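Chemist: Can you read through this structure? Questions will come right after.
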Amino acid sequence: MYWNPKYECLSAEELQQLQLERLKATVERAFLNVPHYRRAFQAKGLEPGDIRTLEDLRKLPFTTKDDLRENYPFGMFAVPMSEIVRIHSSSGTTGKPTVVGYTRRDIDVWAELMARALVCGGATRNDIIHNAYGYGLFTGGLGVHYGAERLGASVIPISGGNTKRQVMIMRDFGSTILTCTPSYALHIAEVIGEMGIDPAELKLKAGIFGAEPWSESMRREIERRLGISAVDIYGLSEVIGPGVAIECQEKNGLHIFGDHFLAEVIDPATGEPLGPGQVGELVLTSLTKEALPVIRYRTRDVTALLPGDCPCGRTGVRIARITGRTDDMLIIRGVNVFPSQVESVLLEIGGTEPHYQLIVDREGSLDTLEVQVEVSESLFSDEVRRLEDLEHRLRQELESTLGISVKVTLVEPKTIARSEGKAKRVIDRRKL
Amino acid sequence: MKIKQLSVFLENKSGRLAAVTRLLASKGINIRALSIADTSDFGILRLIVNDPQAAYRTLREGGFTVSLTEVLGVEMPDRPGGLSSVLTHLEEAGINIEYLYAFLGKGENGALVIFRVEDLDKAIEILSAKGVKLVSAENVYAL
Ligand SMILES: [Zn+2]
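These protein sequences, in sequence, are chains D and E. The working numbering numbers the first residue of the first sequence as 1 and each following residue consecutively. The working numbering numbers the first residue of the second sequence as 433 and each following residue consecutively.
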């Protein structure tokens, strides 16, 4: 059940020793070979020799997506182009794309990480991996592909699209593991239904889904409809691609492969590190990347470090599933609030995803937060007491999750405006 | 014996009750009884109508959150102690009353009160055994 038990189960002491050696080497290489990092270190009066302990990580400057964009396309590379064997890129839907490069050894490390991830997610060399992540500049498809080959499984490089054909191949080839985005997995389930195929005719047993945030209720839905066990995988091209972290069969958070990445969660407003359980922005530092080392890369993904050890025996830190983007963050009475936090509370209590809206206002000098929740039939009761209980429970859960006082208002269905596509979750009436 | 009651979630803002009654009127649905339980933020409108299924469909299609609940219609002598004796029977049987409200109209011989109780079947059994007159659903819808 491990691909590389030596590194996946390193003792805390050994892991920290290894991380420190690798961090020092990464900082040194970045300083020597990447002008951007040299400038950024010097601006803080730092030299590679100042990094003596893992705590010194905090002294290092952050790296942002904008830094990668400003150095478009190859300015962040730490090796000459002759050493680069692969180039991937983000889609660049919000501005210039970010470009990432890999040396031969980077590709090797990535394949190792993905092999680990696949095993962690339930794969063995006897599996037939139906890889419906997109192939191309996007890192998902080839990332999984190389990992599956490293594992020795049989990989079907089907990529996305043409879903009926996917289902036919799944049935005829006996695919046992599905890898794709969770929303595509649901779409596949729908098409299986439309084609009149019983999921039991398929040999699918597990799914490894990522590349977009998804919820616990979506997991249950996918597991029920496809009759599989589904785990969440995390990664981003700027850091390496898929395989930075993954859930094990315990499904209690994602294991970060600590011999290759250092993870921090920070307050996105202040940049200060947060403790276990506190929700903030994930920051990743690569420890072994040659072509494109990243130092304290701000992912913009919202998560929390999880306390405690996992029964599976893997050591290193775990993160909670990604619940949103820091771009959506609100600061209310000095406290960071993410709409995604509200969403997960509502999901837990209601069992489904209700329509909701946050209304932020200011009374005198005090910020107020009102959470309006549409009363669906599943939440409704003809007894006032039960509705008041619901309001009360929502308020308590929201207050303990967000750390600020909240007014909960139950509203009639369809009273919260639906915008096209993405719902508008926040109305900020504060005149700042 | 079981009467279907509609419950509708209403925000406490003007015009919502009017919207419900207008919608029902447009479909020719007649209201037999109603009560509103409200808090500072919201209210629950409870209705007995002549055609509960049609009213349920109409309100749902009109975008309201609505549920159908089974309640009991009890006819009692319209004199001091009429309600008290019914309540005593239920209390002695350990049956909790969630809420109750009086009918707008009157029964043939007395007052009509709608009960929403925890255990409907048990309440019917007890009250029948005690000789209390329960009103049939058909009679209530047709009042
Ligand atoms: Zn685990």
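All residues carry an ideal CB built from backbone N, CA and C; glycine is no exception. Note that the coordinates shown come from a computational prediction; the quantities given were computed from them, not determined experimentally.
CB-CB under 6 Å to residue 61 of chain D, same chain, minus the five flanking residues each way: which ones, in chain order?
Modeler: Counting only Cβ-Cβ distances below 6 Å, and skipping sequence neighbours, we find 40 and 44.
Chemist: Taking the continuous alpha helix (DSSP H) assigned at residue 108 of chain D, which residues delimit it?
Modeler: First-last of the alpha helix (DSSP H) with residue 108 of chain D: 104–120.
Chemist: Spell out whether any CB of chain E is found under 9 Å from the CB atom of residue 137 of chain D.
Modeler: So, not an interface residue.
Chemist: Around ligand 1, which residues pass a check of Cβ closer than 6 Å to any of its heavy atoms?
Modeler: Those satisfying the condition are, in chain order, D:248, D:250, D:255, D:310, D:312 and D:314.
Chemist: Counting only runs of 4+ residues fully inside the stretch 23–100 of chain D, write out the alpha helix (DSSP H) ranges in chain order.
Modeler: With a minimum length of 4 residues, the continuous alpha helix (DSSP H) runs that stay inside the stretch 23–100 of chain D are 35–43 and 65–70.
Chemist: Taking only beta-carbon atoms, is residue 446 of chain E less than 9 Å away from chain D?
Modeler: Chain D contact via Cβ: absent.
Chemist: What number of angstroms, rounded off, separates the C-alpha of residue 310 of chain D from the C-alpha of residue 250 of chain D?
Modeler: Distance between the alpha carbons of residue 310 of chain D and residue 250 of chain D is about 8 Å.
Chemist: What are the residues that DSSP puts in a beta bridge with residue 138 of chain D?
Modeler: Bridge partners of residue 138 of chain D: none, in fact.
Chemist: So who's on the other strand from residue 437 of chain E, going by DSSP bridges?
Modeler: Answer is E:501, bridged to residue 437 of chain E.
Chemist: Helix, strand or coil for residue 431 of chain D? Go by DSSP, reduced to three states.
Modeler: DSSP places residue 431 of chain D in coil when its eight states are reduced to three.
Chemist: Please confirm whether residue 302 of chain D and residue 329 of chain D have their CB atoms less than 9 Å apart.
Modeler: It is a contact, given that the beta carbons lie within the stated cut-off.
Chemist: Does any residue of chain E bring its CB to less than 9 Å from the CB of residue 361 of chain D?
Modeler: It does not; no Cβ of chain E falls within 9 Å.
Chemist: Spatial neighbours of residue 354 of chain D within its chain, please: CB distance less than 6 Å, with the 5 preceding and 5 following residues excluded, ordered by chain position.
Modeler: Result list for residue 354 of chain D: 346, 373, 374 and 376, in chain order.
Chemist: Specify, as a first and last residue, the run of the alpha helix (DSSP H) that residue 396 of chain D falls within.
Modeler: It spans 384–402 - the alpha helix (DSSP H) in which residue 396 of chain D sits, taken as one unbroken run.
Chemist: Quick one: is residue 485 of chain E buried, meaning 16 or more other Cβ sit within 10 Å of its Cβ, or exposed?
Modeler: By the 10 Å Cβ count, residue 485 of chain E comes out exposed.
Chemist: Do the stretch 91–110 of chain D and the stretch 274–291 of chain D make contact, defined as three or more Cβ pairs closer than 8 Å?
Modeler: Touching, yes, given that three or more Cβ pairs across the two stretches are closer than 8 Å.
Chemist: Taking Cβ positions only, does residue 389 of chain D come closer than 9 Å to chain E?
Modeler: Not an interface residue.
Chemist: Between the stretch 464–478 of chain E and the stretch 441–453 of chain E, do at least 3 Cβ pairs fall closer than 8 Å?
Modeler: At 8 Å Cβ cutoff, the stretches touch.
Chemist: Could you check if residue 20 of chain D belongs to the surroundings of ligand 2, using beta carbon to heavy atom distance under 8 Å?
Modeler: Ligands in the displayed structure: ligand 1; ligand 2 is not one of them.
Chemist: Should residue 461 of chain E go down as buried or exposed, given a rule of 16 or more other Cβ atoms within 10 Å for buried?
Modeler: Result: buried.
Chemist: Using alpha carbons as the reference points, say which of E:548, E:559, E:560 and E:446 lies closest to residue 436 of chain E.
Modeler: The residue with the shortest Cα to Cα distance from residue 436 of chain E is E:548.
Chemist: In the structure shown, what three-state DSSP assignment does residue 445 of chain E receive?
Modeler: Residue 445 of chain E falls in the coil class under three-state DSSP.
Chemist: What does residue 209 of chain D reach in chain E if we use C-beta pairs closer than 7 Å?
Modeler: None at all; the shortest Cβ gap to chain E is about 33 Å.
Chemist: Give every residue of the same chain whose Cβ lies closer than 8 Å to the Cβ of residue 65 of chain D, excluding the five residues on either side of it in the sequence, and list them in chain order.
Modeler: For residue 65 of chain D, where only same-chain residues beyond five positions count, the Cβ hits under 8 Å are 98, 238, 298 and 300.
Chemist: Relative to the C-alpha of residue 122 of chain D, which residue among D:204, D:332 and D:274 is closest?
Modeler: For the residues D:204, D:332 and D:274, the minimum Cα distance to residue 122 of chain D belongs to D:204.
Chemist: Less than 6 Å between C-beta atoms, sequence neighbours within five positions excluded: which residues of the same chain meet that for residue 24 of chain D?
Modeler: The residues are 51.
Chemist: Taking one C-beta from the stretch 1–14 of chain D and one from the stretch 31–38 of chain D each time, how about it: are there three or more such pairs within less than 8 Å?
Modeler: Taking 8 Å as the limit for Cβ pairs, the verdict is that the stretch 31–38 of chain D does not touch the stretch 1–14 of chain D.
Chemist: List the residues of chain E that residue 413 of chain D touches, going by C-beta distances under 9 Å, in chain order.
Modeler: Here the neighbours are 441, 495, 496 and 497.
Chemist: Would you mind working out which of D:129, D:314 and D:335 sits nearest residue 246 of chain D, comparing C-alpha positions?
Modeler: Comparing Cα-Cα distances from residue 246 of chain D to each of D:129, D:314 and D:335, the minimum goes to D:314.
Chemist: If you draw a straight line from the C-alpha of residue 105 of chain D to the C-alpha of residue 82 of chain D, how long is it?
Modeler: Their backbone Cα atoms lie some 13 Å apart in a straight line.
Chemist: How do the stretch 326–340 of chain D and the stretch 392–400 of chain D stand: do at least 3 beta-carbon pairs fall below 8 Å, yes or no?
Modeler: As far as the Cβ criterion goes, the stretch 326–340 of chain D does not touch the stretch 392–400 of chain D, which means the pair count is below three.
Chemist: What is the DSSP secondary structure of residue 415 of chain D, reduced to helix, strand or coil?
Modeler: Coil, per DSSP.
Chemist: Who pairs with residue 235 of chain D in a beta bridge, going by DSSP?
Modeler: BP columns for residue 235 of chain D point to D:242.
Chemist: Please return the same chain residues whose Cβ sits closer than 7 Å to the Cβ of residue 566 of chain E, not counting the five positions on each side in sequence.
Modeler: Cβ neighbours of residue 566 of chain E beyond the five flanking positions: 433, 504, 505, 506, 556, 559 and 560.
Chemist: Closer than 7 Å, Cβ to Cβ, to anything on chain D: give me those residues from the stretch 445–477 of chain E, in chain order.
Modeler: From the stretch 445–477 of chain E, only 469, 471, 473, 474 and 476 have a Cβ closer than 7 Å to chain D.
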